[in-house]
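Enquirer: This is the structure I have questions about; it appears just below.
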Ligand code: CA2
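Residue numbers (the numbering used here): 39 to 185.
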């Protein structure tokens, strides 16, 4: 089983700014810990972060035939990007949308997601633990689908 962890704009700043909102862990730490959990579960995890919408779209395209599922924190592109939505629907790879913060407890413009309605599920509000919950949910979904 191979999964792709995609992180969008500004998430490279994790652990360095706004710890009250997004926690103290860096993205590198989150990726490292999740990669260890993945290895223990027999899953290969590829990680990619970009601040550029087109780079995220192209990484989704590259996933065709390589990846069984995608874990996605698209950051602000969650609320704006029809291009990312089209890419995800185009490759037809199951994905879970995740967020560190509870986007529904924040500004109204964060309540809309262009990705959520076609996701396997959405995890929001558990800080870095959202990544673990999303991983467990996606793996469970894929294993059940394969059985
Ligand atoms: O809660 C999340 O995970 C978000 O995807 C984070 C995005 C935000 O636009 C979404 O509405 C919810 C923002 C990521 C910004 O990351 C930073 C991390 C540290 C310091 C500053 C920004």
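Ideal placement from N, C-alpha and C gives every residue a C-beta, glycine not left out.
Taking just the CA atoms, how far does residue 72 sit from residue 104?
Expert: Answer to the nearest angstrom: the Cα atoms are 19 Å apart.
Enquirer: Can you say whether residue 106 is buried or exposed, counting buried as having 16 or more other CB atoms within 10 angstroms of its CB?
Expert: Residue 106 is buried by the Cβ-count criterion.
Enquirer: How about residue 69: is its Cβ closer than 7 Å to a heavy atom in the ligand CA2?
Expert: No; taking the cut-off as 7 Å, the Cβ of residue 69 has no heavy atom of the ligand CA2 nearer than that.
Enquirer: Looking at the structure shown, is residue 151 part of a helix, part of a strand, or coil, going by DSSP?
Expert: It is coil, neither helix nor strand.
Enquirer: Can you tell me the Cβ-Cβ gap for residue 44 and residue 123, rounded? I've got them flagged as a contact below 8 Å.
Expert: No, residue 44 and residue 123 are not in contact; Cβ-Cβ is about 13 Å, not under 8 Å.
Enquirer: Specify the secondary structure class of residue 45 as computed by DSSP and reduced to three states.
Expert: Looking at residue 45 - three-state DSSP - the assignment turns out to be strand.
Enquirer: Compute the Euclidean distance between the alpha carbons of residue 53 and residue 68, then round it to the nearest angstrom.
Expert: Rounded to whole angstroms, residue 53 to residue 68 spans 10 Å at the Cα level.
Enquirer: Answer with buried or exposed for residue 152, where buried requires no fewer than 16 other C-beta atoms within 10 angstroms of its C-beta.
Expert: Buried is the call here.
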